[in-house]
Structures are given as C-alpha cells and as structure tokens.
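> Questions regarding the structure given below will be posed in turn.
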Amino acid sequence: MKPLFSFLFALSLMMGINMQANAADPDPDLLKVALLPDENASELIKRNQPLKDYLENTLGKEVELIVTTDYSSMIEAMRFGRIDLAYFGPLSYVMAKSKSDIEPFAAMIVDGKPTYRSILIANADSGVESYADIKGKKMAYGDRASTSSHLIPKTVLLESAGLEADRDYEAHFVGTHDAVAVNVANGNADAGGLSEVIFQHVMDRGLIDRNKVRVLGHSDEFPQYPWAMRSNLNPELKQNIRDAFISIDDKEILNNLKAEGFAAVTDADYDVIRKMGGLLNLDFAKM
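Okay, structure coming up:
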C-alpha cells in the first residue's frame, strides 16, 4: 500500500500546486514584477524604482519589484502564479512559455530597433585572438537560461568555428553577465559571452579594465528581451499594462532600463530562439 499512498500523495500535491497557479488573482491590488536576475539584485531594484513609481501611478496599483536568485527560479515563480509580470531574456521567456500560460507584450528599442547582439570577449593575455583559439580553453557563460550570455555565444562558436561545448572547450557558468566580464578580465576564464549592452555598462561602471579584454566579435541581431505577463490577468488590466510600457517616455526610466522606448512584440517573434535551441538540441521544457 505504501507505493500507492506515495503516488496518491504526490498526485494530490501536484493538483494542489496547479490549482494554486490557476487560482491566481486576475486583477490583483498588488502587482509583483520580476526583474531579470542578470546583475546585482539590490542595484537592479534601486535602479528600477522610477519604473515602480511610474507603474503604480499609471495602473493605480501597488507594485513590488522582485529579483529572483536565478533565471530558473523566476521561470518557476511565473509558472506557479507567484509573479504577474516579468522581464525575461528571450531564452528564459521561451522556457517559461513552454511551462506556463504567459504572453510577451513589449520589448526595448535600442539604437532605433527592438533587437540586440551578444559580444564575445577574451582575456588580453590568454592568447585567444579568434573564435578558433577558444579550442581547449575555458569559456565563461552567465546563466544556463540566458540568451545573450549562453545560447547565442554558444551557437556562434558552433556555427562559426565548429566548436562544441565540453568537447572542444570547457564551459563554465558564472551566473550573471557582469560576472562573465569580470572573470574574463581577471583571467579566471580565457573567453566569455554576454550582452553587448551589459558589457558596455560594465565598462562604464569601471568594473573591469578595458585593456584586460579583447573583443572577438559580435553575433547577429536577435529580438530584444521581452516583458511578459500572466495570460489569465484581466483583459482590461493586460491592455493597461501594454499601453503603460509602450507609452514610457520618461528619460530616467528609459536610461535605467538602457532603452530608448518600447515596441509591441508577440510570441512568434521568438521563434528564432526556438530554432537556435533546436540546433543545440535543447529541450526547453526540461531546462
């Protein structure tokens, strides 16, 4: 009877969790807004206080900014209805979409377009001067669920130099984009991949010495990081949220988000990320 009891207990627990997710308030008084955990948490919350104030004034609701410990915990929080809005990377959005009922609604405009690039860098003293030189070296990535500090640079190395992680080079995950830059500059990794925008931000803040890293190249343009929300929110609230983001013109808010404005996006815009995942044989639902 014990195996049967264990099975029934597990089944009831899963049903309870699913019911909790489905029962999430469609029109909550408090909106829980998750920021992408790609930099220091306290810095992110401090920098996005103007966004919080704007959303509270525009939507007429309280807003709580949340930074989860990593991408995976943010995906799970969205899956179980513990957050209402989230700023995802393209890959983490696709992963979250495969596990939960969410929809993207806005993405940043930078340099006049809603796309961005990854940058691949190397330690200046590592002897790595091209992608091919990464063979046999240590390559730093951010989070496994990161697009610009994992999926894109890993794909670039595979397509441009035929280099496969763990076969041709050592892949090390250091958590965040700024950690990638710091590890490469300090010589803890020979090379690394991260968002071009965050790399520039890291240099502007003086976190690394620009002379200690060499830029190896850039990726193609990919769709920008999407903001997504629970699909089971009230339709009027969802429209108000979309309008609020598309209408942001406050320079302080935009500068803190490293954006010039926002453009509307749909799930289909991220099919290119799904294709890249197929190239690397990734199962988004199991990541």
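Sequence positions in the sequence shown follow mature numbering (1 follows the signal peptide of the UniProt record, and there is no 0) and run -23 to -1, 1 to 264.
Note that beta-carbon positions come from the ideal geometry of N, C-alpha and C, so glycine has one too.
All values derive from a computational prediction rather than experimental measurement.
Are the stretch 196 to 213 and the stretch 80 to 97 touching by the rule of at least three beta carbon pairs closer than 8 Å?
Yes, the stretch 196 to 213 touches the stretch 80 to 97.
> Okay, do the stretch 224 to 238 and the stretch 116 to 126 touch, 3+ Cβ pairs below 8 Å being the bar?
Cβ pair count under 8 Å is below three, so no.
> What number of angstroms, rounded off, separates the C-alpha of residue 51 from the C-alpha of residue 17?
Straight-line Cα distance between these residues: approximately 15 Å.
> With which residues is residue 11 paired in a DSSP beta bridge?
According to DSSP, which records beta bridges pairwise, residue 11 is partnered with 43, 63.
> How big is the Cα-Cα spacing for residue 105 and residue 80?
Between residue 105 and residue 80, the C-alpha separation is close to 41 Å.
> Reducing DSSP to helix, strand and coil, say where residue 234 ends up.
Here residue 234 sits in coil by DSSP.
> Taking the beta carbon of residue 163 as the centre, do at least 16 other beta carbons fall within 10 Å, making it buried, or is it exposed?
Answer is exposed; the Cβ neighbour count stays below 16.
> Tell me the DSSP secondary structure of residue 3 in three-state form.
Correct three-state label for residue 3: coil.
> Could you give the C-beta distance for residue 138 and residue 108, rounded to a whole number, given that I count them as a contact under 8 Å?
About 4 Å separates the two Cβ atoms, so the contact holds.
> Considering only DSSP beta bridges, list what residue 100 is partnered with.
DSSP lists 190 as partners of residue 100.
> Within the chosen definition, does the stretch 69 to 86 reach the stretch 215 to 228 through at least 3 CB pairs nearer than 8 Å?
The stretch 69 to 86, when compared against the stretch 215 to 228, does touch it at the 8 Å Cβ threshold.
> Ignore the nearest five residues each way along the sequence and tell me which others in residue 33's own chain have a CB closer than 8 Å to its CB.
Excluding positions up to five away in sequence, the list reads 39, 40.
> CB-CB under 8 Å to residue 176, same chain, minus the five flanking residues each way: which ones, in chain order?
Around residue 176: 96, 98, 154, 158.
> Check this for me: beta carbons of residue 206 and residue 61, under 9 Å apart or not?
Closer than 9 Å, so yes.
> So, are the CB atoms of residue 171 and residue 224 less than 9 Å apart?
No, they are not a contact pair.
> Can you list, in chain order, the residues of its chain whose CB lies under 6 Å from that of residue 77, leaving out five sequence neighbours each side?
Cβ within range, chain order: 55, 56.
> Please report the straight-line C-alpha distance between residue 146 and residue 246, rounded to a whole angstrom.
Each residue's alpha carbon lies about 31 Å from the other.
> With a floor of 3 residues, list each beta strand (DSSP E) that falls wholly inside the stretch 149 to 176, ordered by position along the chain.
Entirely contained in the stretch 149 to 176, the beta strand (DSSP E) runs reaching 3 residues are, in chain order, 168 to 172.
> By DSSP, does residue 92 sit in helix, in strand, or in coil?
Strand at residue 92.
> For the beta strand (DSSP E) that residue 292 lies in, which residues bound it at each end?
Since the first residue of the chain shown is -23 and the last is 264, residue 292 is not available in this structure.
> Would you identify the three-state DSSP class for residue 121, choosing helix, strand or coil?
In this structure, residue 121 counts as coil in the three-state DSSP scheme.
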